[in-house]
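Student: Sharing a structure with you now.
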Amino acid sequence: MLFAMWWSRQARPQEAAGGMNADVVDVGMLSAAMQRTLRDRPEPVAAEPLPEPVAVPPEAQPRPQELLPRPDTTDQEAVVDAPTPVKATETTPQDEKHRQEQVDLTQQREHQAQAQREQALQDQREQQLAEIRRQRAAAGREARLAQERLSQLEAARSGSAAEESARADAAASGQGSDSGLRGRYAAALQEAIRAKWTRPDSIPSGAPCRLIIRQRVGGEVVDVQVGSPCSYDEQGRRSIEAAVLKAQPLPYAGFEPVFDRTLILNFRAP
371 MLFAMWWSRQ ARPQEAAGGM NADVVDVGML SAAMQRTLRD RPEPVAAEPL PEPVAVPPEA
431 QPRPQELLPR PDTTDQEAVV DAPTPVKATE TTPQDEKHRQ EQVDLTQQRE HQAQAQREQA
491 LQDQREQQLA EIRRQRAAAG REARLAQERL SQLEAARSGS AAEESARADA AASGQGSDSG
551 LRGRYAAALQ EAIRAKWTRP DSIPSGAPCR LIIRQRVGGE VVDVQVGSPC SYDEQGRRSI
611 EAAVLKAQPL PYAGFEPVFD RTLILNFRAP
C-alpha cells in the first residue's frame, strides 16, 4: 500500500503563513497518471554529510633569530687544503713511483759508498807501496854512500902509499928537492878542471873538496870519486866529478917526474 503526501496548491499560502496540512490519501484513489508518476519517481538521494570544519592552527609568531657561534677558521685552510687520506692498503701509481725512486736512490748511495771504500783501499795500498819504495831507495842511497866512503878510504890509503913511494923514488934519484914542480902540477890540474866546471849556486867560492883521481900515463882519467873532506852537496859532487872527466886528458907533459896513477887533489871552488 502506497502512501503519499499531497499538498494542494491552495495550501501554499498557509505554509507561507507558518502552518502545514497533511492528508493521508490511498494510492488507489489516485488517477492512473498520478500513480505512474509516483511509481517512476526516483529514490531520493541521501544527502552527503557536510565536512567537519578543519581547525585552522593559529598563525605562528616569528621567533627571534638565534646568534650562532662564529666558527674558528684558524685551521680552516689547512683542513680544506689537506688531501683526502688514502688508506694504507691502497697504492697509487704515484706511491709506486716514489717507492721505486727511493729504491734506486738507496742502491745509488750503496754503489757510491762501495766505490769510495774501494778507492780508499786502493789509495792505502798505493801509499804503502810508495813508502816501501821510499825505504828501499833510502836504503840504496845509504848502501851506495857507504860503498863510496869505503872506496874513498881505500883510495886515500893507496894514494898515501903512492905518494910515499914517489917521494922515496925522487929522493933516490936526486929530484926530491924540486917541490915547486909538484905545486905547479897541482895548479895545472886545478885550472884544467875549473875550465870544465860550472859552479852551482849552492857551492860558495873557495869551498874545498878532495878528489881521488885514477889516471893512466898521458892523463887519461880512469875513475874519479869525491873524497873526504868535501863540503859540496850531492849536486855539487856530481858536477865536479863530471868536470874532471870532461877535462881529460889531464896535464901530463912536463910533469912526468911527479905523475901518479892515483892522484889526490884538494880542489877548491873558484
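Take the position in the sequence shown, starting the count at 1, then add 370; the result is the number in our numbering. For every residue, glycine included, the Cβ atom is placed at its ideal position computed from N, Cα and C.
What is the DSSP secondary structure of residue 593, reduced to helix, strand or coil?
Tutor: Three-state result, residue 593: strand.
Student: Inspect the CB distances between the region 598-606 and the region 552-568 and report whether three or more fall short of 8 Å.
Tutor: No, the region 598-606 is not in contact with the region 552-568.
Student: From the DSSP output, read off the bridge partner residues of residue 582.
Tutor: DSSP output for residue 582 lists 595, 634 as bridge partner(s).
Student: Give the straight-line distance between the Cα atoms of residue 616 and residue 632, rounded to the nearest whole angstrom.
Tutor: When rounded, the distance between both Cα atoms is 18 Å.
Student: What are the boundary residues of the alpha helix (DSSP H) that includes residue 551?
Tutor: Start and end: 549-565.
Student: Let me check understanding here. Comparing Cα to Cα, which of 636, 576, 517 lies closest to residue 599?
Tutor: Selected option, being the one with the closest Cα: 636.
Student: Roughly how many angstroms lie between the CA atoms of residue 480 and residue 487, to the nearest whole one?
Tutor: Their backbone Cα atoms lie some 10 Å apart in a straight line.
Student: Just the Cα atoms here: how many angstroms apart are residue 626 and residue 509?
Tutor: Each residue's alpha carbon lies about 43 Å from the other.
Student: Excluding sequence positions up to five away, which residues of its chain have a Cβ less than 6 Å from the Cβ of residue 611?
Tutor: If we look at residue 611 and ignore the five residues flanking it on each side, its Cβ neighbours are 594.
Student: With the cut-off set at 8 Å, would you say residue 585 and residue 596 are in Cβ contact?
Tutor: No; because the gap between Cβ atoms is not below 8 Å, this pair is not in contact.
Student: Would you kindly work out how many angstroms separate the C-alpha atoms of residue 574 and residue 639, rounded to a whole number?
Tutor: Answer to the nearest angstrom: the Cα atoms are 7 Å apart.
Student: If you measure between the beta carbons of residue 555 and residue 588, is that distance less than 8 Å?
Tutor: For residue 555 and residue 588, no; Cβs fall outside 8 Å.
Student: At what residues does the alpha helix (DSSP H) containing residue 613 begin and finish?
Tutor: Counting along the chain, the alpha helix (DSSP H) containing residue 613 begins and ends at 604-616.
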